[in-house]
Amino acid sequence: MKTLAHEFLDIERERGFEIPQGCYDTLDDLLEKAKEMEL
């Protein structure tokens with residue numbers, strides 16, 4: 001699921017900032033944990 005946070009990281013990459021894949025992985029993990037807590 002692509003969120004506004006993912007869009008932000010993509011834009012920053014396009015602007016030349018080095019955003020490691022680990023940032024995306026961490027974001028995905030946090031979103032998954034938050035989703036589990038809702039249930």
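Going left to right, the sequence shown walks through residues 1 to 39 as my numbering numbers them. In this text, a Cβ means the ideal position worked out from N, Cα and C, and glycines have one as well.
Asked	Found
Rounded straight-line distance, which links the Cα of H6 to that of R15	14 Å
Straight-line gap, F17 to T3 (C-alpha atoms, nearest Å)	19 Å
Distance, M37 Cα to M1 Cα	17 Å
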